[in-house]
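In the UniProt record's numbering, the protein residues as written are 1 to 92.
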């Protein structure tokens, strides 16, 4: 009989290192915010990429979930360029 593990998030299941897991969760959340902005913008990828100050190829990679290509800094810069203010909350 096998034992089934339960995880709080997909990142907890994929990442053994808690520091890297926290980083992936934050990047995932920021990427989702960029994608939500794009989906509601009615812009083409080219127009949105110009506004975000990235290449269309980079935006496409983000929209396709290539999380390993994006740092937290880069994602924050993209959201600020989109007019979205990013606030960070540090939990105890």
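Ideal Cβ placement from N, Cα and C applies to all residues, glycine included.
TODO: Could you tell me if residue 98 is buried or exposed, where buried requires 16 or more neighbouring beta carbons within 10 angstroms of its beta carbon?
DONE: Nothing about residue 98 can be read from this structure; the chain reaches only from 1 to 92.
Open item on the list: Within the continuous alpha helix (DSSP H) that includes residue 19, where are the two ends?
Closed with: 18-41
- [ ] Have a look at residue 87 and residue 59 and give me their C-alpha separation to the nearest angstrom.
- [x] 22 Å
TODO: Report buried or exposed for residue 144, applying the criterion of at least 16 other Cβ atoms within 10 angstroms of its Cβ.
DONE: This structure cannot speak to residue 144, because the chain is shown only from 1 to 92.
Task: Closest residue to residue 63 among 81, 44, 17 (Cα-Cα distance) - done: 44
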